[in-house]
Amino acid sequence: MMSSSASSGAAPGPSNTLNIQGSQIAPDLRSMAIASGWDQASKLFVNITAPYINRLVVSQSFPAGIEITIGANTIVSSDGSSAALTASVPVSVRNLGQVLASGGNGGYGGLITVFYQSQAVSGYGGAGGAGAGFAPGSLAYSSTGGGGASGSSQTYTGPTFPGDVPATARGGDGGGGGGHGQAGLSGFPGSASGTYTSSSSSPPGGVGSPSNAVTGNSYITWLATGTRTGAIT
6 MMSSSASSGA APGPSNTLNI QGSQIAPDLR SMAIASGWDQ ASKLFVNITA
56 PYINRLVVSQ SFPAGIEITI GANTIVSSDG SSAALTASVP VSVRNLGQVL
106 ASGGNGGYGG LITVFYQSQA VSGYGGAGGA GAGFAPGSLA YSSTGGGGAS
156 GSSQTYTGPT FPGDVPATAR GGDGGGGGGH GQAGLSGFPG SASGTYTSSS
206 SSPPGGVGSP SNAVTGNSYI TWLATGTRTG AIT
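Shown next, in the form of structure tokens:
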């Protein structure tokens, strides 16, 4: 929201102050300010009091500068596609809230197949849990990493020789997602039980990396650092 003011000096005034009260995905600060009446010449002051911002990017032209205040009840995080806060032009940031890297996704569980008299049964690995932060392209937020899914299992149901126990293949469980700024956890290997003549398996999948909390820190003048969790580069 913006309104007109006669002054374009250093002190924030109605003409050069943009208030963001609703949660946003990668808000386009320049376009929002212009649409609200910013004259494109005054220094722009941005006050964010929205509960959630999924990626805050400062990358456009602000001829007289830009100053952003992140409110005490605001979480700026990421869905993993980029840093929670990215700057490629000079900006002053007063962080009274939280700037939080996303967590990496967990690795998927391992696959295993066992054979009994040339008949195969397979267990498939479970998916890894999502990392802390936002779901991709959304404002659905989690402060912790999610648990991995259970692997599937299959038991041989055909005829067996006397004394043999029907073989069961069980895929490994997926690993849990990482907390803010942390990599995901590895998935678990598959396992087998009962009587079988041979087996093959695939290892658990690789884990996901976290995003940065901040990318482009050299462009940022921190008026207050607040809570920042994750890599700052």
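238 is the number that the numbering used here gives the last residue of the sequence shown; the numbers go up by one with no jumps.
Beta carbons are placed, not taken as given, at the ideal position from N, Cα and C, and that holds for glycine.
Item to check | Opening and closing residue of the beta strand (DSSP E) in which residue 99 lies | outcome: Note, residue 99: beta strand (DSSP E), 96-100.
Next on the checklist: Any contact between the segment 57-65 and the segment 27-40? By contact I mean 3 or more CB pairs, one from each, below 8 angstroms.
Outcome noted: Output reads yes: the segment 27-40 touches the segment 57-65.
Checklist entry - Apart from the five residues on each side of it in sequence, which residues of its chain come closer than 7 angstroms, Cβ to Cβ, to residue 49? => result Excluding residues within five positions, the ones whose Cβ falls inside 7 angstroms are 21, 23, 38, 43, 67, 71.
Checklist entry - Mind checking residue 40: buried by the 16 CB within 10 Å criterion, or exposed? => result Of the residues assessed, residue 40 falls on the exposed side of the cut-off, its CB having fewer than 16 other CB atoms within 10 angstroms.
Checklist entry - Would residue 114 pass as a contact of residue 142 if the rule is Cβ separation under 9 angstroms? => result Contact: no.
Next on the checklist: Is it buried or exposed, residue 201, if we count other Cβ atoms within 10 angstroms and call 16 or more buried?
Outcome noted: Here residue 201 is buried, its C-beta having at least 16 other C-beta atoms within 10 Å.
Item to check | Residue burial classification, residue 178 (beta-carbon count within 10 angstroms, cutoff 16) | outcome: It counts as buried.
Item to check | From 76, 118, 136, 212, residue whose alpha carbon lies closest to that of residue 197 | outcome: Answer by Cα proximity: 118.
Checklist entry - Where does residue 228 sit, in a helix, a strand or coil, going by DSSP? => result DSSP places residue 228 in strand when its eight states are reduced to three.
Checklist entry - For residue 123, does the three-state DSSP call read helix, strand or coil? => result Looking at residue 123 - three-state DSSP - the assignment turns out to be coil, as it is neither helix nor strand.
Checklist entry - Going straight from the alpha carbon of residue 82 to that of residue 174, what length do you get? => result Residue 82 and residue 174: Cα-Cα distance of roughly 40 angstroms.
Next on the checklist: Using a Cβ-Cβ cutoff of less than 7 angstroms, which residues in the same chain neighbour residue 222 once the five nearest sequence positions on both sides are dropped?
Outcome noted: So the list reads 237, 238, once near-sequence residues are dropped.
Item to check | With 16 other Cβ atoms within 10 Å as the buried cut-off, status of residue 226 | outcome: It is exposed - the Cβ of residue 226 has fewer than 16 other Cβ atoms within 10 Å.
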